[in-house]
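Just so we're aligned: the sequence shown equals residues 932 to 1152 in our numbering.
Let me begin by presenting the structure, written as structure tokens, before commenting on it.
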Amino acid sequence: MFSPVMQPAAYSSPRKVWRATPPPFPILTLDERKLTPALGYLFSAKWIDPCESLVTILWKFEKANALPGHVAALLMGADIDPYGGVAPQAGVIDIRRLRDTLNVPLKILHGSLLVPSQRRRYSKLFRYCRCCLARGYHSVLHQIDGVDVCPAHRRPLETACRRCGYEAPYVLSVRFLDAPYRCADCRAGYSHKVFSVLSSQRMKKDERIAMNRLYFRRYFG
Ligand SMILES: [Zn+2]
Ligand SMILES: [Zn+2]
């Protein structure tokens, strides 16, 4: 038979127990080891086009997850100073760490990095095509010394911000990553269009062919 005297203290206020229901939304907890929230980040390898650089891979990642630059910077390697930054170069960036968070194959991540050689040098400044950036895309090919026009659009590559003239070093730092698709100095957009991962278009077939053709000429020719 029920006896109120025998009830443990926790049951003395049954209404309190019933109120302890889960919240209607998940609470994200940060897994310090993997630097990912327990429920994972939003990213898809399908968002990456051929010869895409790590710059726009990380900018897309930030835009999709509304993340500040320092979170993306920390993904590049445990020993990297995120504020000083590094050139996104093979052997410098920890692509396994990136793969664990972005869930993108190592081959694609390796292809997003600079691989300097005797015959191939890269610009120390960020060089961009406004048309490519309007789609959210920047390529390692845009960084190669001697490539002065975008292979896809035949437009001259630019280094300076059109509003303030600032030329960003090709260094992935918190400052650079904190301004996706914008000048890190004055925050003006690099392109005429504000990029969104939800509305971006894939690379057209002829553009894809042009990028691949230049890639094979510069890397294997
Ligand atoms: Zn272009
Ligand atoms: Zn500017």
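Each residue gets a CB set at the ideal place from its N, CA and C atoms; glycine is no exception.
Computed from a prediction, not measured in an experiment: that's the story for all the values here.
- Going by DSSP, N996 is part of the alpha helix (DSSP H) stretching over 985 to 996.
- If you look at C1063, you'll find it in the alpha helix (DSSP H) that goes 1061 to 1065.
- Contact between S1131 and G1067 holds: their C-beta atoms lie close to 5 Å from each other, under 8 Å.
- The C-beta of L1129 has fewer than 16 other C-beta atoms within 10 Å across all chains shown, which makes the residue exposed.
- Taking C-beta separations shorter than 6 Å and ignoring five residues to either side along the sequence, the partners of Y1097 in its chain run C1114, D1116, following chain order.
- Of the heavy atoms belonging to ligand 1, at least one sits nearer than 7 Å to the Cβ of C1062.
- In this structure, L1044 sits away from A1009, with a CB-CB distance that is not shorter than 8 Å.
- Put simply, the backbone Cα of E993 is about 19 Å away from that of P1036.
- Given a length threshold of 4 residues, each whole run of the alpha helix (DSSP H) inside the region 1031 to 1075 is given here in chain order: 1037 to 1042, 1061 to 1065.
- Looking at the DSSP output, V1017 shares a beta bridge with L1103.
- The nearest non-hydrogen atom of ligand 1 is 7 Å or more from the C-beta of A1115.
- Assignment of G1120 by DSSP, reduced to helix, strand and coil, places it in the strand class.
- Under the DSSP definition of a beta bridge, R1113 partners with G1120.
- Exclusion of the five residues before and after K1124 leaves A1065 as the residues of its chain whose Cβ lies within less than 7 Å of its Cβ.
- A contact between stretches requires three or more CB pairs, one per stretch, nearer than 8 Å, and the region 979 to 995 meets this requirement with the region 1019 to 1033.
- Its chain contains Q1020, Y1053 as the residues whose beta carbon lies nearer than 8 Å to that of P1047, once the 5 sequence neighbours on both sides are disregarded; these appear in chain order.
- The closest heavy atom of ligand 2 lies less than 7 Å from the beta carbon of Y1097.
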